[in-house]
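**Q**
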Ligand SMILES: NC(=O)c1ccc[n+]([C@@H]2O[C@H](COP(=O)([O-])OP(=O)(O)OC[C@H]3O[C@@H](n4cnc5c(N)ncnc54)[C@H](OP(=O)(O)O)[C@@H]3O)[C@@H](O)[C@H]2O)c1
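Numbering (my numbering), first residue to last: 16 to 301.
1) Among 66, 123, 190 and 57, which has the Cα closest to the Cα of residue 24?
2) Tell me, please, whether the region 94-105 touches the region 130-149 by the rule of three or more beta-carbon pairs shorter than 8 Å.
3) I need the boundaries of the alpha helix (DSSP H) containing residue 228, first residue and last residue.
4) Measuring straight from C-alpha to C-alpha, what distance separates residue 277 and residue 210?
5) Looking at residue 83 and ligand 1, is the gap between the Cβ and the nearest heavy atom below 7 Å?
6) If residue 293 and residue 220 are in contact, beta carbons under 8 Å, what's the gap, nearest whole angstrom?
7) Pick from 83, 76, 74 and 117: whose alpha carbon is nearest that of residue 64?
8) Would you kindly check if the distance between the Cβ of residue 301 and the Cβ of residue 281 is under 8 Å?
9) State the DSSP-derived secondary structure class of residue 144, mapped to helix, strand or coil.
10) State whether the region 236-243 contacts the region 19-33, with contact taken as three or more CB pairs (one from each stretch) at a distance under 8 Å.
11) Given that a residue counts as buried once 16 or more other Cβ atoms are within 10 Å of its Cβ, and exposed if not, what is residue 87?
12) Give the secondary structure of residue 112 by DSSP, where H, G and I count as helix, E and B as strand, and everything else as coil.
13) Buried or exposed for residue 286, going by 16 or more other Cβ atoms inside 10 Å?
14) According to DSSP, residue 18 sits in a beta bridge with which residue or residues?
15) Let me check understanding here. Comparing Cα to Cα, which of 297, 119 and 201 lies closest to residue 256?
16) Is there at least one non-hydrogen atom of ligand 1 closer than 7 Å to the beta-carbon of residue 211?
17) Would you give the residue range spanned by the alpha helix (DSSP H) that residue 130 belongs to?
18) Our contact map puts residue 111 next to residue 76 with C-beta atoms below 8 Å; I'd like the distance itself, whole angstroms only.
19) Using only the alpha-carbon positions, how far apart do residue 299 and residue 99 sit?
20) Looking at residue 121: is its Cβ nearer than 8 Å to the Cβ of residue 62?
21) Around ligand 1, which residues pass a check of Cβ closer than 6 Å to any of its heavy atoms?
22) Taking 8 Å as the limit between beta carbons, can you name the residues of its chain near residue 269, skipping five residues before and five after?
23) Count Cβ pairs between the region 168-186 and the region 152-160 that sit closer than 8 Å; are there 3 or more?
24) Can you list the beta strand (DSSP E) stretches of 3 or more residues lying completely in the region 143-181, in chain order?
25) Just list the residues that DSSP pairs residue 198 with in beta bridges.
26) Residues in its own chain within less than 6 Å of residue 69 by CB, not counting five upstream and five downstream?
27) Is residue 56 helix, strand or coil when you go by DSSP?
28) Going by other Cβ atoms of all chains shown within 10 Å of its Cβ, with 16 needed for buried, is residue 170 buried or exposed?
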């Protein structure tokens, strides 16, 4: 399992904790730590403010970059291919690269109204043109991949997995996806920071704060930090190839790398998870 540096916080203020955009001096420290600790993968998106531009001016552009594209349903089907090609051309110019390791569709809703095959065909062409190595999609719910697999097997999917959100761990779904040679990228290991923060967030459902409190008490009893518990949890999820982590300081990154390098503690915490998306899916929070 490998770490992937998430860069939403690099390009914009981000998340329910109201994380401020990372300042340049801090980014230079993060860049050095990432390179020194041999992080090889970067997660970004066209939608992450000027994240791509900042990465393109940095040494991190030489790493394996995964970016994401949003394709509004307002774009006519006949214009889809040229829209996608232009967006990727712009992205690669900002990122200052000749090839992307991965390109993900950022939003499942973009595939609606029979546009999946048109969009996938355009991405496949970019792959044949060796502009992209792998194509895929970023998802939230397991129902989405079941619909997609009826006519397309992506190379990569990015999915939320953490102590509270174990929807993708049910029914050996991940091992079935692995059999299809799909690379699994997990994100939200810290649920946008809520799982490792001491601040009770009033913007999230009461039930979520109750679960976070129980998790906190469990960690105290186990004499383990919540950061360690979150990282050891994801390391115990077999089939996950990459873990996309969000940070907003070089200290955050150093702490994560230190724990990630440790020998995995075998525990898969089940007692705090809930399938209720209104509780664990950030799209439903205020
Ligand atoms: N739909 C999508 O494709 C999608 C959606 C969400 C995220 N992403 C990607 O995933 C990345 C991660 O975002 P996420 O939402 O999944 O975040 P996450 O990794 O679950 O949490 C990141 C937050 O955890 C806190 N944190 C991290 N390290 C810490 C440490 N050592 N000590 C204390 N707190 C720490 C920070 O919160 P504070 O800022 O509060 O300190 C940080 O902002 C994003 O940058 C983006 O690349 C993609």
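Don't be surprised by glycine CBs; every beta carbon is placed ideally from N, CA and C.
**A** If we stick to the structure as given:
1) In the chain shown, the residue the question calls residue 24 occupies position 9. When the alpha-carbon of residue 24 is set against those of 66, 123, 190 and 57, the nearest one is in 66.
2) Taking 8 Å as the limit for Cβ pairs, the verdict is that the region 130-149 does touch the region 94-105.
3) Taking the first residue of the chain shown as 1, we reach residue 228 at position 213. Going by DSSP, residue 228 is part of the alpha helix (DSSP H) stretching over 221-237.
4) Walking along the chain shown from the start, residue 277 turns up at place 262. Walking along the chain shown from the start, residue 210 turns up at place 195. The straight-line gap from Cα to Cα measures roughly 20 Å.
5) Taking the chain shown and counting its residues from 1, one reaches residue 83 at position 68. In this structure, the C-beta of residue 83 approaches ligand 1 to less than 7 Å from one of its heavy atoms.
6) Your numbering for residue 293 matches position 278 in the chain shown. Your numbering for residue 220 matches position 205 in the chain shown. 7 Å between Cβ atoms; contact.
7) Mapped onto the chain shown, residue 64 falls at position 49. Ranking 83, 76, 74 and 117 by CA distance to the CA of residue 64 puts 83 first.
8) As a working mapping, residue 281 is identified with position 266 in the chain shown. As a working mapping, residue 301 is identified with position 286 in the chain shown. No, the Cβ-Cβ distance between residue 281 and residue 301 is not below 8 Å.
9) Position 129 of the chain shown, counted from the first residue, corresponds to residue 144. If DSSP states are grouped into helix, strand and coil, residue 144 belongs with coil.
10) Pairwise C-beta distances place the region 236-243 out of contact with the region 19-33, as fewer than three of them are shorter than 8 Å.
11) If you number the chain shown from 1, residue 87 lands on position 72. Around the beta carbon of residue 87, fewer than 16 other beta carbons lie within 10 angstroms, which makes this residue exposed.
12) The sequence position of residue 112 within the chain shown is 97, counting from 1. DSSP places residue 112 in coil when its eight states are reduced to three.
13) Position 271 of the chain shown, counted from the start, is the residue given in the question as residue 286. With fewer than 16 other Cβ atoms inside 10 Å of its own Cβ, residue 286 counts as exposed.
14) As a position in the chain shown, residue 18 is number 3, starting the count at 1. Within the DSSP bridge table, the entry for residue 18 names 258 as partners.
15) The residue labelled residue 256 in the question sits at position 241 within the chain shown. That would be 201, whose Cα lies nearest to the Cα of residue 256.
16) In the chain shown, counting from the first residue as 1, residue 211 sits at position 196. Checking every heavy atom of ligand 1 against the Cβ of residue 211, one is found closer than 7 Å.
17) Here residue 130 is taken as the residue at index 115 of the chain shown, counted from 1. For residue 130, there is no enclosing alpha helix (DSSP H), as DSSP gives it neither H nor E.
18) Within the chain shown, residue 111 is the residue found at index 96, counting from 1. Within the chain shown, residue 76 is the residue found at index 61, counting from 1. Residue 111 to residue 76, Cβ: 5 Å. Contact.
19) On the chain shown, residue 299 is found 284 positions in, with the first residue counted as 1. On the chain shown, residue 99 is found 84 positions in, with the first residue counted as 1. Straight-line Cα distance between these residues: approximately 29 Å.
20) Here the question's residue 121 lines up with position 106 in the chain shown. Here the question's residue 62 lines up with position 47 in the chain shown. Yes; because the gap between Cβ atoms is below 8 Å, this pair is in contact.
21) Those residues, listed in chain order, are 21, 22, 23, 24, 30, 32, 34, 58, 83, 121, 153, 173, 202, 203, 204, 205, 206, 207, 208, 211, 212, 242, 259, 260, 261, 262, 263, 267, 270 and 271.
22) As a working mapping, residue 269 is identified with position 254 in the chain shown. Only 48 meet the Cβ criterion.
23) Using a Cβ-Cβ distance cut-off of 8 Å, the region 168-186 and the region 152-160 are in contact, since at least three pairs of beta carbons, one from each stretch, lie closer than that value.
24) Qualifying beta strand (DSSP E) stretches, in chain order: 147-153 and 171-175.
25) As a position in the chain shown, residue 198 is number 183, starting the count at 1. 171, per the DSSP bridge assignment.
26) The sequence position of residue 69 within the chain shown is 54, counting from 1. 25.
27) Position 41 of the chain shown holds residue 56. Collapsing the DSSP output to three states places residue 56 in a strand.
28) Sequence index remark: in the chain shown, residue 170 carries index 155 (1-based). Using a 10 angstroms sphere on the CB of residue 170, the tally of other CB atoms reaches 16 or more, which defines it as buried.
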